[in-house]
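A.B. asks: At position 135 of the sequence shown (counting the first as 1) the number is 135 in full-length UniProt numbering, and the numbers step up by one without a gap. We put the CB at the ideal spot given by N, CA and C, even for glycine.
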Amino acid sequence: MKKMITTSVAVATLLTTVQAEFSFGDMFTDMKEAAISMSKDAKDSVSAMTEGAVETSKSAERTVTTVSADAKDSTIKVSDDVKTMELNTSKDMSAATTALSADTKDSLKATTTDLKDSSATLSTDMKESTLATSKDVTDSVKSVSKDATASVKTISNDINSTAANVSSDATASVKTVSDSSTDSVKSVSNDSTASVKTSSENLATSVKDVSNDTTASVKTVAENVNDSVKTITDNVDTAKAVSTEAVSAVKSAATKSISAEEYAEYMKLKNATK
């Protein structure tokens with residue numbers, strides 16, 4: 001039975017190998033069916049295995065021989081068909097390759113021409129665009145340069161005008177301040193001179209009055225010397241005191257300026273003593 005199963009598997013394998021159009025799925029299906037069939041046949045023939053062993057061996061041998069012959073014929077036929085198919089395929093591929101090469105050549109030539117034309121057109125367009133852009137940029141730069149120059153010139157003129165106005169205003173202001181300062185100094189100087197002159201004149205008058213008073217007092221004392229020594233002495237002391245006070249007043253007046261109010265007060269006192 002084991003030999004029979006092995007033989008069946010070998011036959012199924014040969015059949016599967018020879019028939020190239022069968023798939024592995026079909027092969028396994030056939031093997032399964034053959035095994036099941038053999039298993040059934042083997043089961044039915046278990047009892048007769050001993051008697052039919054020689055018969056089965058001969059039958060298997062005949063089957064293998066037949067299959068081998070069929071396989072050889074099939075192999076030769078398949079080989080011839082494959083060779084023919086290879087030749088046909090080679091011719092077809094050669095023709096297809098030649099046609100493809102020609103088509104590719106024409107396509108490449110057309111593509112090259114189109115690319116060349118496109119490149120030339122693109123180059124021309126880019127050149128024109130570059131020229132137009134360059135011209136626009138140049139015009140823009142010139143316009144901006146002119147505008148900037150005009151703006152700078154306007155700003156410069158405005159700055160010069162402003163500086164001139166400021167300088168004139170500053171000069172006028174300084175001149176006004178200088179004139180005002182000069183007038184103020186001149187007025188102060190005149191006031192000081194007038195005040196000093198008035199004080200000097202007042203002092204001279206005061207000294208003169210004091211001197212006259214002293215002279216009168218001395219004269220009076222000299223005329224009345226016989227009347228009383230004490231009176232003379234008192235008059236002399238008074239004259240001395242008055243003279244001393246007059247000298248002190250002159251010294252003080254020479255070193256000290258007096259105001260109009262002080263001078264008025266002095267004159268009041270002087271008039272009151274007369």
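Which value, in whole angstroms, describes the spacing of the CA atoms of T138 and N160?
C.D. replies: Position 138 of the sequence shown, counted from the first residue, corresponds to residue 138. Position 160 of the sequence shown, counted from the first residue, corresponds to residue 160. Each residue's Cα considered, the two are about 32 Å apart.
A.B. asks: Three-state secondary structure (DSSP) at I258?
C.D. replies: Taking the first residue of the sequence shown as position 1, residue 258 is located at position 258. In the structure shown, I258 sits in coil (DSSP, three-state: anything other than H, G, I, E or B).
A.B. asks: Going straight from the alpha carbon of S259 to that of D158, what length do you get?
C.D. replies: Stepping through the sequence shown from its first residue, residue 259 is reached at position 259. Stepping through the sequence shown from its first residue, residue 158 is reached at position 158. For S259 and D158, the distance between alpha carbons rounds to 56 Å.
A.B. asks: Give me the Cα-Cα distance between S37 and E86, rounded to the nearest whole angstrom.
C.D. replies: Here residue 37 refers to the residue found at position 37 when the sequence shown is read from its first residue. Here residue 86 refers to the residue found at position 86 when the sequence shown is read from its first residue. E86 has its alpha-carbon roughly 40 Å from the corresponding atom of S37.
A.B. asks: Suppose you measure from the CA of K105 to the CA of A95; what does that come to, to the nearest Å?
C.D. replies: The residue you call residue 105 lines up with position 105 of the sequence shown. The residue you call residue 95 lines up with position 95 of the sequence shown. K105 and A95: Cα-Cα distance of roughly 15 Å.
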